[in-house]
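Undergrad: To start, I am sharing the structure in question, which I have written as structure tokens.
Number of protein chains: 2
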Amino acid sequence: MGSIRTLAGSLGLSITTVSRALDGYPDVAEETRERVRKAADELGYRPNAAARRLRKGSGETVAFVMPTEPGRFYEPVFAEQLAAIGEQLSEHHHDLVLLAARPGPDEAALYRRLVEGRRADAFIVVRTRKDDERVHYLQQKSVPFICHGRTDSTQPYAYIDGDGEAGFHELTARLIARGHRRIALLSAPTSLMFAARRAAGWRAAMAEAGLATTLMAEEAHTEEGGHALATRFLALSERPTAIICATDRMAVGAMRAIESAGLTVGSDIAVTGHDNIPASLFTDPPLTTMELPMREVGKRLAEMVLARLGGADIRDLQEVRPLIQHPRASSGEGA
Amino acid sequence: MGSIRTLAGSLGLSITTVSRALDGYPDVAEETRERVRKAADELGYRPNAAARRLRKGSGETVAFVMPTEPGRFYEPVFAEQLAAIGEQLSEHHHDLVLLAARPGPDEAALYRRLVEGRRADAFIVVRTRKDDERVHYLQQKSVPFICHGRTDSTQPYAYIDGDGEAGFHELTARLIARGHRRIALLSAPTSLMFAARRAAGWRAAMAEAGLATTLMAEEAHTEEGGHALATRFLALSERPTAIICATDRMAVGAMRAIESAGLTVGSDIAVTGHDNIPASLFTDPPLTTMELPMREVGKRLAEMVLARLGGADIRDLQEVRPLIQHPRASSGEGA
DNA sequence: TTTACTTTCCAAAACGTTTTGGATTGGGAA
DNA sequence: TTCCCAATCCAAAACGTTTTGGAAAGTAAA
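So, in structure tokens, the structure goes:
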């Protein structure tokens, strides 16, 4: 029911003409085209996606594989990015297929299945790692993809990324200018590219000021991770006067640890994060943080995928975006 | 490259036999089947998804349309649910296609496009509304779907839902037993089914104890919404001694408002939420909340969709799950 | 030996599009 | 008139599977 054949039949036209009319080819009379459009609307005709994909060879399908960590997968800004990607792609009549696998052999197998079965024409790769097998594989198979975040690849690849290095450099310099000397970094695992970049920014600013970069440790980027690391640093005889966290979630955990130790965030110890999650305005005191607008990034990510599918050059699809700083009371700044 | 034809050719078999061998039909010799399997592995052959879908008529595709509100879409537990759905579906070789549209005409048009173009064989409908056009439409077109949350429909439909009514009833009764009399409810918009259910639970418990249910108001279920409503209630001459929030995010906003007013959460005013977001363990004091395990729900949602596609009866696919209560210090309970 | 049945395989049709390579018509130029 | 070209249309092939309806060969029963 509702195939192009019945539509063509009811119009007394060939299916060729109907197809070309709807696809906007120039070799069909304007009057006919209108007639076809109207009938298609009335019958609620939509070309069968599978048939179209089969014939065209390309499926108009973009895959997004969530790297679900063992245990909970809780990414504050994730949903927003996904929504933006979905909106943008669907506007251009592309499908976003969502999958999930934890990094490791399962993930690799999933990528192979998607590529070999031609279930996806392009990929969006998030949460990039330093040495990223996903990137290797897609490059080798020459499947189009866009990364959110950079990776250590010798071959060119398309990406969009926030400038975490510059952001953390600027933040660290700001704290140094306010008199801080012992500034700790609570990092996420540095095998994750975003964590490595942010750490590099902190390290550079500290080095420029001639300060030691010993107060640094890695943990999962969760409230719990932040709490554990902060507790450890607070027990030092020379405890830090400022704690820079890789993410807002870590900062929330760190703030809790500081309060438990009987200290006051903002006056006794500065705390900062990254992400500008909604809750960061409602911590006590409000959390100093920085932000890469996820909705914009998601939209751009989708645009870049479409561009790549359209044959755009990889070198024109490499973007690093500055972060928006939000200085607030948790670092003795802002309101 | 890599079609079933080349595979059949290289084996000296017909494509029929190859297809049936790989699909496990009984009319192919065990020896042959092994030979085919091995060759398929070596060549990395996977059936072309579009061709298979076209021929089979069913696309093995489940659609998930995110109801993106105007402005920010930030759903703490959302990513986890999505990951679980994706994992489960992909295990059964089904695709999860993700789309996004804000409730309204765009959303309706998107559903039509998906159904009429046969881009989706089934739907997962989340964030159900009292009068839900998505449900009406899918029922009318008799497209299989599963709701997360219930709705006001006279016809039967498949759903899984947390028992927010019982959960809030139990919580309210607990607070009453601890001596609270003026218990306010900070609700999400009651056009959303989950908010209406939770409000009903609170109202019933209050009525049973002969208490007034005037202390109730609706706002967006965000930190900001919670903050605004709490501020309003705190200004009353007879302010509430307990504030029940529809979500943890609202509770975070409410706690901030209480502190700003110079009061102490837990001792002066009890505060509770719902969702058990990770941050709820790291508020000061830890937040009393309740939970529907999202990973489990996601998995079950996927299973139910598959069951429905397999012809299971709707009446066997209606589940209400009890919530897990987490009494904590923010309501003077727990540790 | 013939018959009937089982096992194993296969040719061809079908799914609903898009694309290729014309065919037809009418009008203007020669 | 004849020829050419532009404007419209269309029949048939192709995309890569799965499924239908046997065919061929071997085996057991009569």
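Quick mapping for you: the protein sequence lines, in order, are chains A and B.
So the first sequence is numbered by my numbering: it starts at -11 and just counts up by one.
So the second sequence is numbered by my numbering: it starts at -11 and just counts up by one.
Note that beta-carbon positions come from the ideal geometry of N, C-alpha and C, so glycine has one too.
Does residue 215(A) have its Cβ less than 9 Å from a Cβ in chain B?
TA: Answer yes: the Cβ-Cβ gap between residue 215(A) and chain B drops below 9 Å somewhere.
Undergrad: Beta-carbon separation of residue 118(B) and residue 178(B) under 9 Å?
TA: Yes, they are a contact pair.
Undergrad: For my contact list, residue 279(A) and residue 148(A) are in at a C-beta cut-off of 8 Å; report their separation, rounded to the angstrom.
TA: Contact flag wrong, Cβ pair sits at about 15 Å.
Undergrad: If you count every other CB in all the chains shown that lies within 10 Å of the CB of residue -7(B), and 16 or more means buried, which is it?
TA: It counts as exposed.
Undergrad: Interface residues of chain A around residue 105(B) at Cβ under 8 Å?
TA: Going along chain A in sequence order, the residues near residue 105(B) (Cβ under 8 Å) are 34, 35, 36, 37.
Undergrad: Do three or more CB pairs link the stretch 296 to 303 of chain A to the stretch 2 to 16 of chain B at distances below 8 Å?
TA: Not touching, per the Cβ criterion.
Undergrad: Kindly list the residues whose CB is nearer than 6 Å to the CB of residue 254(A), restricted to its own chain and excluding five residues on each side of it in sequence; keep chain order.
TA: The answer, listed in chain order, is 273, 317, 318, 320.
Undergrad: Name the two residues that bound the continuous beta strand (DSSP E) containing residue 136(B).
TA: Start and end: 133 to 136.
Undergrad: Closer than 9 Å, CB to CB, is residue 252(B) near chain A or not?
TA: Cβ-Cβ to chain A under 9 Å: no for residue 252(B).
Undergrad: Is the shortest distance between the beta-carbon of residue 83(A) and the beta-carbons of chain B less than 9 Å?
TA: So yes, residue 83(A) belongs to the interface.
Undergrad: From the DSSP secondary-structure annotation, give me the bridge partner or partners of residue 24(B).
TA: For residue 24(B), which the question treats as bridged, DSSP gives no partner whatsoever.
Undergrad: From which residue to which residue does the beta strand (DSSP E) around residue 164(A) run?
TA: No beta strand (DSSP E) holds residue 164(A); the alpha helix (DSSP H) holding it covers 152 to 165.
Undergrad: Counting only Cβ pairs nearer than 8 Å, list the residues of chain B close to residue 160(A).
TA: Going along chain B, no residue has its Cβ under 8 Å from residue 160(A), so there is no contact; the nearest lies around 25 Å.
Undergrad: Using a C-beta cutoff of 9 Å, does residue 207(A) count as contacting chain B?
TA: No, its Cβ sits nowhere closer than 9 Å to a Cβ of chain B.
Undergrad: Cβ of residue 38(A) within 9 Å of Cβ of residue 42(B)?
TA: Taking 9 Å as the Cβ cut-off, residue 38(A) and residue 42(B) qualify as a contacting pair.
Undergrad: Nearest to residue 141(A) by alpha carbon, out of 150(A), 153(A), 128(A)?
TA: Looking at the Cα atoms, 128(A) is the closest of the given residues.
Undergrad: Could you tell me which residues DSSP puts in a beta bridge with residue 49(B)?
TA: Note: residue 49(B) sits in a beta bridge opposite 83(B).
Undergrad: Taking Cβ positions, are residue 286(B) and residue 72(B) nearer each other than 9 Å?
TA: Yes, the Cβ-Cβ distance between residue 286(B) and residue 72(B) is below 9 Å.
Undergrad: Given residue 95(A), which residues of its chain have a CB within under 6 Å of its CB, disregarding the five upstream and five downstream residues?
TA: Result list for residue 95(A): 89, in chain order.
Undergrad: Which residue comes first and which comes last in the alpha helix (DSSP H) that contains residue 124(B)?
TA: Element bounds for residue 124(B): 121 to 128.
Undergrad: Measuring CA to CA, which of 53(A), 57(A), 205(A), 99(A) is closest to residue 186(A)?
TA: Ranking the options by Cα distance to residue 186(A), first place goes to 205(A).
Undergrad: In three-state DSSP terms, what is residue 111(B)?
TA: In the structure shown, residue 111(B) sits in a strand (DSSP, three-state: E or B).
Undergrad: Is residue 267(B) close to chain A, meaning its C-beta is less than 9 Å from at least one C-beta of that chain?
TA: So, interface residue.
Undergrad: So, is the C-beta of residue 101(B) closer than 9 Å to a C-beta in chain A?
TA: Chain A, which has a Cβ nearer than 9 Å to the Cβ of residue 101(B), makes this yes.
Undergrad: Mark residue -2(B) as exposed unless 16 or more other C-beta atoms lie within 10 angstroms of its C-beta, in which case mark it buried.
TA: Classification of residue -2(B): exposed, given that the 10 Å Cβ count is below 16.
Undergrad: Can you tell me whether residue 144(B) is buried or exposed, with buried defined as 16 or more other CB within 10 angstroms of its CB?
TA: When all chains shown are included, residue 144(B) counts as exposed.
Undergrad: Ignore the nearest five residues each way along the sequence and tell me which others in residue 188(B)'s own chain have a CB closer than 7 Å to its CB.
TA: Contacts found: 153.
Undergrad: Is residue 15(B) buried or exposed, if buried means 16 or more other CB atoms sit within 10 Å of its CB?
TA: By the 10 Å Cβ count, residue 15(B) comes out exposed.
Undergrad: Check whether chain A comes within 9 Å of residue 241(B), counting only Cβ atoms and requiring the distance to be less than that.
TA: By this cut-off, residue 241(B) is an interface position.
Undergrad: Rounded C-beta distance between residue 110(A) and residue 293(A)? I'm assuming under 8 Å.
TA: Confirmed, Cβ separation roughly 5 Å.
Undergrad: Please name the residue in 252(B), 238(B), 256(B), 183(B) whose C-alpha comes closest to that of residue 264(B).
TA: Of the listed residues, the one whose Cα sits closest to residue 264(B) is 238(B).
Undergrad: Which whole-angstrom value describes the C-beta separation of residue 139(A) and residue 232(A), a residue pair presumed to lie in contact below a C-beta threshold of 8 Å?
TA: With 8 Å as the limit, residue 139(A) and residue 232(A) do not qualify as a contact, their Cβ atoms being about 24 Å apart.
Undergrad: Identify every residue that forms a DSSP beta bridge with residue 204(B).
TA: Answer is 173(B).
Undergrad: Mind listing which residues of the stretch 39 to 56 of chain B have their C-beta closer than 7 Å to chain A's C-betas, in chain order?
TA: Listed in sequence order: 39, 41, 42, 47, 54, 56.
Undergrad: Check each residue of the stretch 67 to 79 of chain B: if its Cβ is closer than 7 Å to any Cβ of chain A, include it; give the result in chain order.
TA: For the stretch 67 to 79 of chain B, which is checked against every Cβ of chain A, the residues closer than 7 Å are 67, 68, 70, 71, 74, 75, 78.
Undergrad: Does DSSP put residue 265(A) in a helix, in a strand, or in coil?
TA: Looking at residue 265(A) - three-state DSSP - the assignment turns out to be coil, as it is neither helix nor strand.
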